[in-house]
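First the structure, in the form of C-alpha cells, and then the observations on it.
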Amino acid sequence: MTTKINDVVMDIVDHIGKALAKHDVTLEQYRKGIGFIAKVQEAKEVPLLVDVFLNHIIVDIEERGARNSRQTIQGPYFLDAAPDVTNQLLTLPEDKGTPLIVRGRVVDERGRPAAGALMNIWHSTPDGRYSGFHGIERKDLYRGKLRTDADGRYQVATTLPVPYHIPDKGPVGELLKMMGKHSWRPAHVHFKITNDGCRPLTTQAYFEGGAWVDSDSCSGVHPALIYRLGKEGDAEVLEVNFILQDAAAAAMSPA
Ligand code: MBD
Ligand code: FE
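Number 210 in my numbering belongs to position 210 of the sequence shown; there are no gaps in the numbering.
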C-alpha cells in the first residue's frame, strides 16, 4: 500500500514537474498557481475543479472490463439526503419547464429484473441550478430516491433539465475562460443505483442533438449515454434501461 502511494504520488509529481519545465513556468507564475488553489478552496470549488479535469479518467479506469451499463462522473451535486419519492420529483412551485417522464428497467447481468433496487435521480432546475446549491436552500427539489418494482421497472415525472453552466464567477469558471474553453455541460439527468449483491452504478443520460453534447466541459459524455427523447402528450419521455453487475464478480476481476 505504502509503495503504491509512493509510486502514484511520485508519478504525479514527475508529470507535473515535466509540464512546468516544458512551459518555462516562472516563480511568479508558480506563486499565482498557489493563490489559485487557495481561491478554489475558499470558494468551495475543490470538488468541481477535480470533477472537471480528472473524474472522467477515474471512471474510465473503473469501467475497464465492466459488465454493467456504462457509468460516468457523479458530479458535485449528489445529495444522499434526497427525499423518498414514488412517481414524482418535487419541483419549484413557479417551475414552468417542459414536463419530463423518466422511466425504464433495471436488470442484473443475466437479464433478470432488479426488483427493489434503490435509484437516486437528480438533475438541474429549468434555469440550470441544483437544489441545495446555487442559491436554492431547499435540498429536496429535482432529486429523489425511488425503488424499482418487481419487474425492475421505474418511472418518475419531473421537468426537463437544461444545459448547466459551471459558475463563471468562481475560480474554476475563470480558469476555463482564461484557457479559452467554455464551461457548459449538456443537459443531463443523473442516476445512482444500488441493489443487494450488485456493484453500485453511477451515470448520467444526455439528450441526442442537445447543445454541448459534443463538447462537455467535464468530459462526461459517452456515446452510450446519449438518448433520443420520446413524446407523450405534452411530456418528453426519457427511457433509460440499466444493467447492474454482480458485486462478487466485480470483486474477483483483476484490479
Ligand atoms: C454538474 O452538474 C455535473 O454533473 C458535473 C459532473 C460537474 C459540474 C456540474
Ligand atoms: Fe449535473
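Just so you know, even glycine gets a beta-carbon here, dropped at the ideal spot from N, CA and C.
For ligand 2, is there a heavy atom less than 7 Å away from the beta-carbon of R129?
Counting from one through the sequence shown, the residue named residue 129 turns up at place 129. Not under cutoff, so the answer is no.
My understanding is that L244 touches L201, with C-beta atoms under 8 Å, so please give their C-beta distance in whole angstroms.
Here residue 244 refers to the residue found at position 244 of the sequence shown. Here residue 201 refers to the residue found at position 201 of the sequence shown. So it is a contact: roughly 6 Å between Cβ atoms.
Is the separation between the beta-carbon of L118 and that of T203 shorter than 8 Å?
Residue mapping note: residue 118 aligns to position 118 of the sequence shown, counting from 1. Residue mapping note: residue 203 aligns to position 203 of the sequence shown, counting from 1. Against a cut-off of 8 Å, the Cβ pair of T203 and L118 comes out as no contact.
Contiguous alpha helix (DSSP H) assignments of at least 4 residues, all confined to the segment 95 to 145:
none
Looking at the secondary structure, which residues open and close the beta strand (DSSP E) in which G230 lies?
Here residue 230 refers to the residue found at position 230 of the sequence shown. Its beta strand (DSSP E) spans residues 230 to 232.
Sequence-distant residues of its chain with Cβ nearer than 7 Å to P171 (five each side left out)
Within the sequence shown, residue 171 is the residue found at index 171, counting from 1. The residues are F36, K39, V40, A43, E45.
Neighbourhood of A257 by C-beta, 6 Å cutoff - its chain only, sequence neighbours within 5 removed
The structure shown has nothing for residue 257, since the chain only spans 1 to 255.
Pick helix, strand or coil for V156, following the three-state DSSP scheme.
Working through the sequence shown from its first residue, we reach residue 156 at position 156. Three-state DSSP puts V156 in a strand.
With a threshold of 8 Å, are at least 3 pairs of Cβ atoms found where one atom belongs to the segment 66 to 85 and the other to the segment 133 to 146?
yes
Any heavy atom of ligand 2 inside 7 Å of the beta-carbon of G75?
To locate residue 75, count along the sequence shown from 1; it is residue 75. G75 Cβ: within cutoff of ligand 2.
From the DSSP output, in three-state form, read off K44 for me.
The residue you call residue 44 lines up with position 44 of the sequence shown. DSSP places K44 in coil when its eight states are reduced to three.
Rounded separation between G17 and L27 - CA only:
Numbered from its first residue, the sequence shown carries residue 17 at position 17. Numbered from its first residue, the sequence shown carries residue 27 at position 27. If you take the alpha carbons of G17 and L27, they lie about 13 Å apart.
Does the distance between the C-beta of G220 and the nearest non-hydrogen atom of ligand 1 fall short of 7 Å?
Here the question's residue 220 lines up with position 220 in the sequence shown. Yes, ligand 1 has a heavy atom inside 7 Å of this Cβ.
Cα-Cα separation, C218 to V189:
Position 218 of the sequence shown, counting from 1, holds the residue named residue 218. Position 189 of the sequence shown, counting from 1, holds the residue named residue 189. So the alpha carbons of these two residues sit roughly 15 Å apart.
Quick one: what's T194 bridged to in DSSP?
Here residue 194 refers to the residue found at position 194 of the sequence shown. DSSP, once it has assigned bridges, lists L118 as partnering T194.
Element boundaries [beta strand (DSSP E), containing V162]:
Your numbering for residue 162 matches position 162 in the sequence shown. Here V162 belongs to no beta strand (DSSP E), and DSSP marks it neither H nor E.
By the three-class DSSP mapping on this structure, what secondary structure does F78 have?
In the sequence shown, the residue the question calls residue 78 occupies position 78. If DSSP states are grouped into helix, strand and coil, F78 belongs with coil.
Within the chosen definition, does the segment 47 to 59 reach the segment 101 to 119 through at least 3 CB pairs nearer than 8 Å?
no
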